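J.:
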Amino acid sequence: HEARADPGTGGHLAEREELGTSQTGRCSTSARPMMRRLALAATLTGARGFVLPSLPGALAAPSAVLPFPRGSGALARRVLAASMATDGSFDASSYMTKERDDATKDYVMQQVMVRVKDPKASLDFYCKTLGFNLIMYREFPQWEFNVYFVAPIDPALIPGTPEEQWAVCMNTPGCVELTWNYGSETEEGRVYNTGNSDATGSSDGEKVRGGFGHLGITVPDVYDACQRFQDLGCEFSKTPNGGGMKGLAFVKDPDGYLIEILPQGPMITKEVDCAGVRADGGEGYKDNSK
26 HEARADPGTG GHLAEREELG TSQTGRCSTS ARPMMRRLAL AATLTGARGF VLPSLPGALA
86 APSAVLPFPR GSGALARRVL AASMATDGSF DASSYMTKER DDATKDYVMQ QVMVRVKDPK
146 ASLDFYCKTL GFNLIMYREF PQWEFNVYFV APIDPALIPG TPEEQWAVCM NTPGCVELTW
206 NYGSETEEGR VYNTGNSDAT GSSDGEKVRG GFGHLGITVP DVYDACQRFQ DLGCEFSKTP
266 NGGGMKGLAF VKDPDGYLIE ILPQGPMITK EVDCAGVRAD GGEGYKDNSK
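Going by our numbering, the residue at position 72 of the sequence shown is 97; the numbering climbs one at a time, nothing skipped.
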């Protein structure tokens, strides 16, 4: 949709249906509540006009901006957040606009931890294939495990002493802590359950519907990145044109954990991906937990 303030109707909004339309060209039933909310919000803010974000398929990034009046940025964000909720679903938009309180404003989302079978193989993947750097590691022979913290960080920022490395690491968002338990590298096959329809470690040999899903990185061009991953011998769970959601991919690390590959800009598709799958091909959407 595009909604405009119409001077000829006292500022009422004239809507042009471009989004949420059925094959007949009419606004779909599921899209109408969102359209009404945004139209009302634009009227209340005095917006001269706004263009809704396009939503290609089930996953998309906004492709247009909403030109609200100057100084109304917070209100614009609330309006956009409200537009993302659909009738019948849990409206989570209030969590986007809440202020950070004094007790938590300095907290850092610093790490996620995964257990790995072979630390060298994992460090090779995260540091050489994904381009991360090792910020800090600690060895605990008394408890028979080591930890390695990796992140996409400029190596020039990594200091030389363990104490300084600790300080940098604990203040770097988005680290992955790779934990190696001694002896796991000698076991046959995969050792740890990935959480995605995986029978590893289950007592009855049946696949487990786990809670963990994946890690994720963003890249300038998903198709170029995946061509590089393929050239390096990576295993894919989904190539960019595979599955129902186009323009994103999943590669596996040495332990089988999924790494989602998303674009840093708009979701786009290219005619053929690294596996030769065409944009109009691939199987439908698959729930990786099942």
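Cβ coordinates follow ideal geometry from the N, Cα and C atoms, glycine included.
In this text, all values refer to a predicted model and were calculated from it rather than measured experimentally.
Roughly how many whole angstroms lie between the Cα atoms of Met138 and Ala300?
T.: By one-based count along the sequence shown, residue 138 stands at place 113. By one-based count along the sequence shown, residue 300 stands at place 275. Roughly 31 angstroms between the two C-alpha positions.
J.: Just the C-alpha distance for Gly230 and Asn218, rounded to the nearest angstrom, thanks.
T.: The sequence position of residue 230 within the sequence shown is 205, counting from 1. The sequence position of residue 218 within the sequence shown is 193, counting from 1. So the two alpha carbons sit approximately 12 angstroms from each other.
J.: Runs of 4 residues minimum, wholly inside the segment 168-229: which ones carry the alpha helix (DSSP H) assignment?
T.: You should have 187-195.
J.: Candidates Val175, Lys271, Lys277: which alpha carbon is nearest Gln255's?
T.: As a first step, residue 255 is located in the sequence shown; it is residue number 230 there, counting from the start. Closest option to Gln255, Cα to Cα, is Lys277.
J.: Output the distance between the C-alpha atoms of Gly220 and Ser114, rounded to the nearest integer angstrom.
T.: Translated into positions along the sequence shown, residue 220 becomes position 195. Translated into positions along the sequence shown, residue 114 becomes position 89. Gly220 and Ser114: Cα-Cα distance of roughly 26 angstroms.
J.: Nearest to Gln136 by CA position, among Tyr120, Phe174, Phe157, Ser119, is which residue?
T.: For the purposes of this step, residue 136 is identified with residue 111 of the sequence shown, where counting begins at 1. Out of Tyr120, Phe174, Phe157, Ser119, Phe174 has the C-alpha closest to the C-alpha of Gln136.
J.: What residue range does the beta strand (DSSP E) around Gln135 cover?
T.: Within the sequence shown, residue 135 is the residue found at index 110, counting from 1. That residue, Gln135, is in no beta strand (DSSP E); it is neither H nor E in DSSP.
J.: On the DSSP bridge assignment, give the partners of Val297 in chain order.
T.: Your numbering for residue 297 matches position 272 in the sequence shown. Per DSSP, Arg303.
J.: If you drop the 5 nearest sequence neighbours on each side, which residues of the same chain put their C-beta closer than 8 angstroms to that of Leu148?
T.: For the purposes of this step, residue 148 is taken as the residue at position 123 of the sequence shown. The answer, listed in chain order, is Leu159, Tyr173, Val175, Leu203.
J.: Rounded to whole angstroms, what's the CA-CA distance from Glu124 to Thr243? Just pull it up for me.
T.: As a working note, residue 124 is residue 99 in the sequence shown. As a working note, residue 243 is residue 218 in the sequence shown. Answer to the nearest angstrom: the Cα atoms are 27 angstroms apart.
J.: Using three-state DSSP, classify Ser119 as helix, strand or coil.
T.: As a position in the sequence shown, residue 119 is number 94, starting the count at 1. Here Ser119 sits in helix by DSSP.
J.: Beta-carbon within less than 8 angstroms of Thr294's beta-carbon, same chain only, minus the 5 sequence neighbours each way: which residues are those?
T.: Counting from one through the sequence shown, the residue named residue 294 turns up at place 269. Result list for Thr294: Pro265, Asn266, Lys271, Gly272, Ala304, in chain order.
J.: Need the endpoints of the beta strand (DSSP E) that Pro144 sits in, please.
T.: By 1-based counting over the sequence shown, the position of residue 144 is 119. No beta strand (DSSP E) contains Pro144, which is instead part of the alpha helix (DSSP H) from 144-148.
J.: Quick one: what's got a C-beta closer than 8 angstroms to Met195's C-beta in the same chain, skipping five residues either side?
T.: The sequence position of residue 195 within the sequence shown is 170, counting from 1. For Met195, where only same-chain residues beyond five positions count, the Cβ hits under 8 angstroms are Val133, Gln135.
J.: Please report the straight-line C-alpha distance between Gly235 and Thr225, rounded to a whole angstrom.
T.: For the purposes of this step, residue 235 is identified with residue 210 of the sequence shown, where counting begins at 1. For the purposes of this step, residue 225 is identified with residue 200 of the sequence shown, where counting begins at 1. When rounded, the distance between both Cα atoms is 11 angstroms.
J.: Suppose the cutoff is 6 angstroms on Cβ atoms and the five residues either side in sequence are ignored; what does the same chain contact list for Pro279 look like?
T.: Counting from 1 along the sequence shown, the entry for residue 279 is found at position 254. Closer than 6 angstroms at Cβ, skipping near neighbours: Ala146, Ser147, Phe150.
J.: Would you give the residue range spanned by the beta strand (DSSP E) that Ala274 belongs to?
T.: In the sequence shown, counting from the first residue as 1, residue 274 sits at position 249. Residues 274-277.
J.: Measuring alpha carbon to alpha carbon, tell me which residue in Ser119, Ile286, Leu155, Gly268 is nearest Gln302.
T.: Here the question's residue 302 lines up with position 277 in the sequence shown. According to the sequence as given, residue 302 is Val; it is not Gln. Among Ser119, Ile286, Leu155, Gly268, the Cα nearest to that of Val302 belongs to Gly268.
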